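Only one structure is covered here, and it is reproduced in the block below.
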Amino acid sequence: MTMTRAAVPLLAHKRIRAASEFTPQSLLREARREKGLRAGSVPEVCILDPDGDVVRHLVAAGRARREPSWPCYHTRLYVFRHGRERMGIVGGAVGAPFAVLVAEELFASGCRILISVTSAGEILAVRERPYFVLIERALRDEGTSYHYRAPAAFSHADRRLIHRVQAALAARRLPVVLGATWTTDAPFRETAAAIQAARARNLVAVEMEAAALYAFGHARRRPVVCFAHVTNQLGRLEGDFDKGAAGGAPAALAVIGATAKAWRPAPGILPGIGGLSSGAWRRGAR
576 MTMTRAAVPL LAHKRIRAAS EFTPQSLLRE ARREKGLRAG SVPEVCILDP
626 DGDVVRHLVA AGRARREPSW PCYHTRLYVF RHGRERMGIV GGAVGAPFAV
676 LVAEELFASG CRILISVTSA GEILAVRERP YFVLIERALR DEGTSYHYRA
726 PAAFSHADRR LIHRVQAALA ARRLPVVLGA TWTTDAPFRE TAAAIQAARA
776 RNLVAVEMEA AALYAFGHAR RRPVVCFAHV TNQLGRLEGD FDKGAAGGAP
826 AALAVIGATA KAWRPAPGIL PGIGGLSSGA WRRGAR
């Protein structure tokens, strides 16, 4: 039996273009008041590190310091320099709802591009592991994206931004492929049938954040770039989950650095929103 949209609880009463009564600005304001924190801003380039390996690597190397003005109730923000770029990084934001909550807070605090690097399980073998997938689209098998975008099979990255990042990564010969992934809210429900269905769609890997982050990015007109760090075959092999040297942190930082450099726009162009001029953005162009 086919269910109507109104009969699906997840889709009922969604008004995608309606403003939210609860905003990240109000949450951050009250968190600062409650914690006695001064107002502060985050770096323009921010990173989500769900596994936390990059954060731990940077802290252990003495390269990152905790940002005391970050008011989020759930996370710690660390600031570090990579090349000439000052960056902010949040570890441990696993899964679509948590990742998007933090993304909302980061952009409300001065972030201008968000880069997510999450570990992922291999669906299609395209090269020797570990490697990265620059995610161009993600299957929406999670709930968060439906609060930001109308129902559809996939969330898509900003095409122009992804092409710029892809060119920058290729020039550096980094272990990255362009591809599509499956975003799930239930990693321990990755059944044989679900894996086969994902494989039939030519999805390279399964992860937990990209579909929601891309839906958020489109809805808020914010540049988001998601990578899947393919490190395992869903734990079906002894000795699986090998990220490489230092938990894969140096490799991830190379990918992050190239992405940040590719994002920096030409004068008068806002990154990651289809190449609109800054004047068109101010006029509310769509």
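Numbered by the working numbering, the letters in the sequence shown go through residues 576 to 861 in order. Heads up, the beta-carbon is just placed ideally off N, CA and C, and yes, glycines get one too. As the structure is a computational prediction, the values presented were derived from the model and not from experiment.
Could you check what DSSP says for residue i in three-state terms: helix, strand or coil?
i, result
"residue 720", "helix"
"residue 731", "strand"
"residue 853", "Because residue 853 carries a pLDDT of 31, less than 50, the predicted location of this residue cannot be relied on, and the following value inherits that uncertainty. Looking at residue 853 - three-state DSSP - the assignment turns out to be helix."
"residue 698", "coil"
"residue 624", "strand"
"residue 707", "strand"
"residue 660", "strand"
"residue 591", "coil"
"residue 585", "coil"
"residue 655", "strand"
"residue 764", "helix"
"residue 671", "helix"
"residue 736", "helix"
"residue 604", "helix"
"residue 713", "strand"
"residue 751", "strand"
"residue 665", "strand"
"residue 617", "coil"
"residue 641", "strand"
"residue 681", "helix"
"residue 633", "helix"
"residue 676", "helix"
"residue 744", "helix"
Quick one: is residue i buried, meaning 16 or more other Cβ sit within 10 Å of its Cβ, or exposed?
i, result
"residue 590", "exposed"
"residue 653", "buried"
"residue 597", "exposed"
"residue 789", "buried"
"residue 643", "exposed"
"residue 633", "buried"
"residue 585", "exposed"
"residue 639", "buried"
"residue 595", "exposed"
"residue 592", "exposed"
"residue 812", "exposed"
"residue 825", "exposed"
"residue 707", "buried"
"residue 723", "buried"
"residue 715", "buried"
"residue 641", "exposed"
"residue 726", "exposed"
"residue 729", "buried"
"residue 691", "buried"
"residue 684", "buried"
"residue 775", "exposed"
"residue 605", "exposed"
Kindly give me the distance between the Cβ atoms of residue i and residue j, rounded to whole angstroms, as I take these residues to be in contact under 8 Å.
i, j, result
"residue 625", "residue 667", "7 Å"
"residue 732", "residue 717", "No, residue 732 and residue 717 are not in contact; Cβ-Cβ is about 16 Å, not under 8 Å."
"residue 720", "residue 780", "Their Cβ separation, rounded to whole angstroms, is 18 Å, which puts residue 720 and residue 780 out of contact at 8 Å."
"residue 736", "residue 829", "Wrong, their Cβ atoms sit about 19 Å apart, outside the cutoff."
"residue 603", "residue 646", "5 Å"
"residue 823", "residue 705", "6 Å"
"residue 709", "residue 753", "5 Å"
"residue 629", "residue 827", "5 Å"
"residue 782", "residue 695", "4 Å"
"residue 617", "residue 663", "5 Å"
Is residue i close to the ligand MN? I mean its beta-carbon at under 6 Å from any heavy atom of the ligand.
i, result
"residue 623", "With respect to the ligand MN, the structure shown offers nothing to examine, as it has no ligands at all."
| said: At 3 residues or longer, what runs of the beta strand (DSSP E) sit wholly inside the stretch 769 to 850? | reply: 778 to 782, 799 to 807
| said: Would the stretch 743 to 752 count as touching the stretch 819 to 837 if we require 3 or more Cβ pairs under 8 Å? | reply: yes
| Does the stretch 603 to 610 touch the stretch 661 to 677, meaning 3 or more C-beta pairs lie closer than 8 Å? | no
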